[in-house]
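Below you'll find the structure, written out as structure tokens, and then a few comments.
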Amino acid sequence: MRELPTGGPPPSGPRPTGRSPVRRATMRDVAALAGVSVKSVSRVINGGDAVSADLREKVSRAIERLDFQPNLAASSLRRSDGVTGQIALLLEDLANPFSATLNRAVEDVAHRHGTLVFAGSLEEDGNRELALVRASTLRRVDGIIIAPATRDHGYLNREVRAGTPVVFVDRAPRGLSADHVLSTNAEGARDAVLHLADNGHERIAYLGDHPSIPTAADRLRGYTGAMRDLGLAVDPRLVVQGLSATGAAAAATTALLSGDAPPTALFTSQNLVTIGAVTALQGLGRQREVAVVGFDDFPLADLLSPKVTVVAQDVPEIGATAARLLFGRIAGDDPPHRACSVPTRLVVRESGLIPPR
């Protein structure tokens with residue numbers, strides 16, 4: 001066994017690896033091996049016009065022999081059309097099932113266009129949004145799909161004028177005219193309340209995300225509007241906002257149910273809030289006493305006991321619609337900016353059918 005030194009300063013400089021690093025072949029190397037100019041190699045790699053079969057064969061053999069990997073980022077900057085073959089997708093949290101499903105839908109469309117998707121999580125942080133947008137534009141992405149955390153999106157006007165199309169998802173733009181794709185949030189919330197009321201509930205609590213988030217505000221508006229239309233009082237004690245994590249939602253649920261005149265039903269307006277509420281009900285042993293309808297479907301919702309009734313967004317369609325709009329703009333389409341609404345759907349399972357006690 002080799003002994004480690006016990007004294008003296010640590011060795012400086014890079015640690016030996018036992019082998020020399022392999023230098024990547026360059027375009028100049030390919031040109032030398034093929035016996036042609038660097039410009040000719042560039043024309044072959046970039047699919048230029050007037051490339052003879054003989055030249056293409058020479059260059060292709062040299063590329064294969066040298067295992068040459070072209071620098072796509074650099075070559076894209078030299079293309080006359082400026083297309084880089086990459087787009088940015090900036091969402092709230094890629095770990096959230098909503099964002100993950102939307103990401104996949106955008107990727108599927110991008111794949112058909114030979115385009116890579118670089119995705120990032122904004123985490124409801126305006127500064128993080130600005131940094132990721134900046135990083136994306138510095139890399140010359142062909143377009144951006146964004147669910148913004150900021151309230152004023154006028155800062156993107158400069159990028160749009162420079163030729164970078166932007167499509168908004170989940171939240172409409174402010175201070176900027178741009179395509180956007182939204183769910184029918186208020187209508188979906190209304191469907192949830194009507195379903196609970198149809199099953200005899202009058203004391204229906206609302207548990208939601210931060211009121212500054214447009215989707216949360218829309219869902220609260222749908223809840224309060226439905227309650228008033230039904231002639232039911234909106235009890236401020238039953239409206240809990242600012243919940244964005246399962247732990248906070250579980251604590252809020254427990255507090256509601258231990259208070260005076262507790263609710264008999266819960267409308268939870270975000271999937272993580274729903275998971276927290278269901279966790280609390282399970283812990284209290286009251287999962288079959290208090291009705292629940294959640295906004296957003298989530299994995300295992302149909303396998304829990306009771307199965308959870310949800311207002312489901314068509315997330316794949318939201319992502320695919322946003323991607324189609326973006327690639328249309330990248331291709332040069334210039335119609336008036338479009339506002340697309342994707343309908344929600346009430347998925348009736350067991351939890352919304354529990355009657356009041």
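Under the UniProt record's numbering, residues 1 to 357 are what the sequence shown spells out, in order. Just so it is clear, CB atoms sit at the ideal spot from N, CA and C, and this is done for glycine as well. Note that the structure is a prediction, hence the values are computed from the model and not measured.
If you compare the alpha carbons of Pro-70, Val-36, Asn-46, Asp-67 with that of Lys-58, the shortest gap goes to Val-36. A distance below 6 Å between beta-carbons, with the five flanking residues on each side excluded, links His-113 to the following residues of its chain, in chain order: Phe-327. Assignment of Ile-213 by DSSP, reduced to helix, strand and coil, places it in the coil class. The three-state reading of DSSP puts Gln-86 in strand, counting E and B together. In the pairwise beta carbon analysis, the segment 257–265 is classified as touching the segment 192–210: at least three pairs are separated by under 8 Å.
Asn-271 counts as buried, since at least 16 other C-beta atoms from the protein chains shown sit within 10 angstroms of its C-beta.
Between the C-alpha atoms of Pro-343 and Asp-296 there is a straight-line separation of about 12 Å. DSSP, read as helix, strand or coil, puts Thr-246 in helix. Burial check for Gln-86: the Cβ neighbour count within 10 Å reaches 16 or more, so the residue is buried.
Annotation: the continuous beta strand (DSSP E) that includes Ile-144 extends over 144–146.
Counting only runs of 4 or more residues that sit fully inside the segment 130–195, the alpha helix (DSSP H) segments are 157–161, in chain order. Between the beta-carbon of Val-311 and that of Ala-192 there is about 5 Å, and that keeps the pair under the 8 Å contact cut.
The closest CA to that of Leu-257, considering only Ser-244, Ala-245, Val-240, Thr-246, is found on Val-240. The C-alpha of Asp-198 is placed about 41 Å away from the C-alpha of Gly-175.
Using a C-beta cut-off of 8 Å, the segment 90–101 makes contact with the segment 127–146, since at least three inter-stretch Cβ pairs fall below that distance. When only Cα atoms are considered, Gly-294 and Asn-96 end up about 15 Å apart. When DSSP states are grouped into helix, strand and coil, Phe-267 belongs to the strand group. Cα atoms of Ala-252 and Ala-277: separation of roughly 8 Å, rounded to the nearest angstrom. For Thr-309, the uninterrupted beta strand (DSSP E) segment begins and ends at 309–312. Residue pairing of Phe-295 in beta bridges, as defined by DSSP: Val-311.
For Ala-31, the uninterrupted alpha helix (DSSP H) run begins and ends at 27–34, by DSSP. The beta-carbon separation of Leu-94 and Ala-119, rounded to 6 Å, stays under the 8 Å limit for a contact.
DSSP links Val-342 through a beta bridge to Ser-183.
Restricting attention to Val-44, Ala-178, Arg-171, the CA atom closest to the CA of Thr-164 is found in Ala-178.
Put simply, of Thr-150, Pro-173, Ile-144, Thr-184 the residue whose alpha carbon is nearest the alpha carbon of Val-166 is Ile-144.
Put simply, the backbone Cα of Arg-151 is about 26 Å away from that of Asp-334. Its chain contains Ala-301, Asp-302, Pro-306, Lys-307, Val-308, Thr-309, Val-310 as the residues whose beta carbon lies nearer than 8 Å to that of Arg-349, once the 5 sequence neighbours on both sides are disregarded; these appear in chain order. In terms of CA proximity to Ser-183, Ile-318 leads the group Met-27, Ile-318, Ile-330, Ala-233. Bridge partners of Tyr-206 according to DSSP: Val-239, Phe-267. DSSP places Gly-259 outside both helix and strand once states are collapsed to three, so it counts as coil. Beta-bridge annotation (DSSP): Leu-91 is paired with Ser-121.
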